[in-house]
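In what follows, a single structure is set out as structure tokens and then discussed.
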Amino acid sequence: MKTALALGIGVAIGVVIWLLGVEPFWATALAVPPTAFAVLVSRLPRATDIVWSSDPPPPGSISTAHASTLASRLAEAAENPRRYQERFRARLQRLGIDAAEMPDPAELAERLRRVE
Numbered sequence: 001m002k003t004a005l006a007l008g009i010g011v012a013i014g015v016v017i018w019l020l021g022v023e024p025f026w027a028t029a030l031a032v033p034p035t036a037f038a039v040l041v042s043r044l045p046r047a048t049d050i051v052w053s054s055d056p057p058p059p060g061s062i063s064t065a066h067a068s069t070l071a072s073r074l075a076e077a078a079e080n081p082r083r084y085q086e087r088f089r090a091r092l093q094r095l096g097i098d099a100a101e102m103p104d105p106a107e108l109a110e111r112l113r114r115v116e
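In terms of the UniProt record's numbering, the sequence shown is residues 1 to 116.
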């Protein structure tokens with residue numbers, strides 16, 4: 001509706017310019033910029049419009065999920081030391097963490113359970 005009104009205003013501007021004695025080609029050429037501006041303004045959202053969005057997620061929900069997942073995986077790795085050596089130590093080394101300074105998997109899993 002607003003766009004149609006803006007186009008109507010543009011046509012009216014062109015007709016007024018033509019009635020003032022300008023050739024139809026030049027009347028159209030002179031009416032296009034204000035028409036384009038009116039269409040652009042009609043499509044922009046108002047500054048006072050309310051933008052509804054949901055509440056942000058509660059803090060810590062993602063870290064809790066990661067801690068519980070890591071705790072269960074470390075508990076599995078505590079039962080299978082080879083798995084701990086192959087998976088966790090390699091990943092920790094890629095992150096630049098010295099795995100020798102880390103506690104054993106069972107103790108680390110227990111600490112992560114307490115973090116939850």
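All residues carry an ideal CB built from backbone N, CA and C; glycine is no exception.
- The alpha-carbon of L20 is positioned some 22 Å away from that of A38.
- Assigned with DSSP and collapsed to three states, I97 falls in coil, not helix or strand.
- Within 10 angstroms of the beta-carbon of A6 lie 16 or more other beta-carbons, which makes it buried.
- Between the region 68-83 and the region 103-111, the count of C-beta pairs closer than 8 Å reaches three or more; the two stretches touch.
- In this model, I97 and W52 are separated by some 43 Å (Cα to Cα).
- Counting only residues of its own chain and dropping the five nearest sequence neighbours on each side, R83 has a CB closer than 8 Å to the CB of E76 and A77.
- Distance between P81 and R114, taken at the CA atoms: about 22 Å.
- Excluding its 5 nearest sequence neighbours in each direction, V41 has C-beta neighbours in its own chain below 8 Å: A6, listed in chain order.
- The criterion of a C-beta distance shorter than 8 Å is satisfied by A31 and I13.
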